[in-house]
Amino acid sequence: MTWRIFSFVLLALSACASSPVSKIRFANRPVAWEVNDRSDVPVAPRNRPFLMNAYRVESVEGHIEGTLALHGKPRAQDINALGEVPNSTWFTNRVGVREVSLAEVRRGPEANEPADAYLPWTITATKVGGLAPGLLFKDARGEKYILKFDRPQQPGLDTGADIVCQRLLHLLGYNVPSNDVVTFRREDLRLAEDAEVKDLFGNTRAMTAEDLDATLARGNPPDAEGKFRGLASKYLSGKPIGGYARAGIRDDDPNDAIDHEHRRSIRGQKIIFAWLGHTDIKQDNTLDMWIEDRDTHYVKLYLLDFGNALGVWAMSNPIPWSGFKHSVDFSYGAASVFTLGLWVRPWERIPDAASGIEGVGWFESELYDPANFKSNQYYPPFTFTDRFDGFWAAKIIMRITPEQIDAAVRAAAYNKEAHAYLTRTLIERQHKTGKYWLSQVAPLDEFVVRQNGDSHELCFDDLMVRYGFEPESAVTYWAIAYDRAGRETGWKAQRGKHAGHQICYLGLTPSRSKDGYMVVRIAPQSDTETLPGVEVHLAARRETGALQIVGLVRE
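Quick note on my numbering: the sequence shown kicks off at -19 and runs consecutively.
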């Protein structure tokens, strides 16, 4: 079974050219929610080194190509017949698909206690790379960690942002490391006999107690109780083989069959990262791990390093344009030239709008624009992000409850003022994100079909109404049924039985086509316009004759 089976684009040969429904037809089988991308890869794929300078040059070249490109935006390919991303080594559906308790949100991807429950720690080396100081250590159980600190005079800033985003990205479905805010005293640290200091060029020497104290001094000083605050990130299982490419595939991993720029799970990150103010997006903030699982080896894909999110990058550098433009952005440069510098840039009020609260970056909701987010470096998959990717990402974001957002912020151990501000701002940005992206396609979702006597009822939710972005009375829903060939069956309905944000149509019966195949086209109409429609494709189960949903087509 190949990836193409899960693709939304299944060609049809039998639809009439003059029919108002698409030519796409789906196989009569249950929708796939799991991808088998764990076929054995017995030899570890090669390591992909990250070369920052080359990456920056490629980003500028890519930005030029993207600015001049005339190509369209092909639909994402890592999706099932409903336009959803199935579970895979890239992504696992969580929020809205199963119950996720507040305790699980606070705890993150692992149920074990944080590393500071297993003191003392044995320091093995200094951390190499990154702006923040750090150490490598083993806890009392022998588990390995990277220990990072906040930058001086910025207590809670980097560590808090990392935890909040790590918890929310895990809740949304992404693979992330197990990170926790930890506290410890100097006397909780021991030097390993072979502890070493390593520089960026790979040179090493023995590590001394003075080196350890100097590393601690580069972060924030201890609190009144003599405790240091840090971020402990547990080593991932498996062998690291570098970050995943921004475009194309890893050609030495046979399970990596879809170009990365055509994965909805990656393209949709543009909307998610905009919500989280995560602009530091580059290859070395991802990591591929070659994992041995019993007798099978495969590659699992991770996102990591979120300490510059939530406006931290913008404030620490300081660059208020972060999130509004790329570091090299020809469109903004041209606008400045043509207006002789008089144009007021959208980010110029960011420092005034930001909170000024200890531990919080330049993160606000008033100037936040979910439609125009840009990462610091040009990122090719985001060039292809379309409104369907945006709809997918926004509806997952909107499934997160205020209580779950609060739980994620609580895990970062902020002070009360920072906790309240970030929770409120994340909720405000969540609503702005949902209101914009859910309106870019017909916001109809969560379709179900049920047998009701001798016929069936088809129900769905209007997400704009569910989340209060549009009043219930403002929309009328027109529906017409067609057979496999695209001919009307004679069934029509307007609005249907209405109960809050859920709409139900009664009296559906299978068509006379093979498998009773039918297409129900639903066209919402507001007080002022007819919105894009949705086609619901149904077919009769061969065992029972009951209709099942086999696919969706969004206009």
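Where is the CB? At the ideal position from N, CA and C, for every residue including glycine.
- Only residues of its own chain outside the window of five on either side were considered, and among them 56, 241, 361, 362, 364, 365, 366 and 369 have a CB closer than 8 Å to the CB of residue 247, listed in chain order.
- Counting C-beta pairs with one atom in each stretch, the segment 203 to 217 and the segment 126 to 144 have three or more that are closer than 8 Å, which means they touch.
- By the Cβ neighbour-count rule, residue 117 is buried, with 16 or more other Cβ atoms within 10 Å of its own.
- Counting along the chain, residue 4 sits inside no beta strand (DSSP E), nor does DSSP assign it H or E at all.
- When rounded, the separation of the alpha-carbon atoms in residue 80 and residue 382 is 13 Å.
- Going by DSSP, residue 278 is part of the beta strand (DSSP E) stretching over 276 to 283.
- For residue 495, DSSP assigns no beta-bridge partner whatsoever.
- Per the DSSP secondary-structure output, residue 517 pairs in a beta bridge with 499 and 531.
- In this structure, the straight-line span from the alpha carbon of residue 502 to that of residue 516 is close to 8 Å.
- Two segments are said to touch when three or more pairs of C-beta atoms, one from each, lie closer than 8 Å; by this definition the segment 394 to 413 touches the segment 332 to 347.
- Contact between the segment 181 to 194 and the segment 247 to 267 is not established, with fewer than three Cβ pairs separated by less than 8 Å.
- A direct Cα-to-Cα measurement between residue 64 and residue 156 gives close to 21 Å.
- DSSP places residue 347 in the coil class of the three-state scheme, outside both helix and strand.
- Just measuring C-alpha positions, the residue of 373, 509 and 11 sitting nearest residue 521 is 11.
- A distance below 6 Å between beta-carbons, with the five flanking residues on each side excluded, links residue 216 to the following residues of its chain, in chain order: 157 and 269.
- According to the DSSP assignment, residue 482 belongs to the beta strand (DSSP E) that extends over 482 to 488.
- Residue 187 sits close to residue 175, with the two beta carbons spaced by under 8 Å.
- Rounded to whole angstroms, the Cβ separation of residue 415 and residue 371 is 12 Å, and the two are not in contact under 8 Å.
- Note: residue 468 is bridge-paired with 462 in the DSSP secondary-structure output.
- For residue 160 and residue 98, the gap between their C-alpha atoms comes out near 13 Å.
- Distances from the CA of residue 166 to each of 190, 112 and 482 were compared; the closest alpha carbon is that of 190.
- C-alpha of residue 348 to C-alpha of residue 120: approximately 44 Å in a straight line.
- If one requires a minimum length of 3 residues, the beta strand (DSSP E) runs lying completely within the segment 172 to 205 are 184 to 186, in chain order.
- CA-to-CA, the gap between residue 115 and residue 354 works out to about 32 Å.
- When secondary structure is reduced to three states using DSSP, residue 212 falls in the strand class.
- A distance below 8 Å separates the beta carbons of residue 532 and residue 62.
- Contact check for residue 82 against residue 380 fails: the beta carbons are separated by 8 Å or more.
- Residue nearest to residue 143 within the set 280, 339 and 206 is 339 (criterion: CA-CA distance).
- By the neighbour-count criterion, in which a residue is buried when 16 or more other Cβ atoms sit within 10 angstroms of its Cβ, residue 494 is exposed.
- If you look at residue 163, you'll find it in the beta strand (DSSP E) that goes 159 to 164.
- For the segment 72 to 121, the continuous beta strand (DSSP E) assignments of 3+ residues that do not extend past its boundaries occur at 101 to 106 and 114 to 118, in sequence order.
- Taking C-beta atoms under 8 Å as the contact rule, residue 462 and residue 504 fail to qualify, at a distance of about 18 Å.
- Inclusion of residue 180 and residue 100 in the CB contact set at 8 Å is not warranted, their separation being larger than that value.
- The DSSP-derived three-state label of residue 355 is coil.
- Counting C-beta pairs with one atom in each stretch, the segment 324 to 334 and the segment 383 to 392 have fewer than three that are closer than 8 Å, which means they do not touch.
- Rounded to the nearest whole angstrom, the C-alpha separation of residue 496 and residue 426 is 22 Å.
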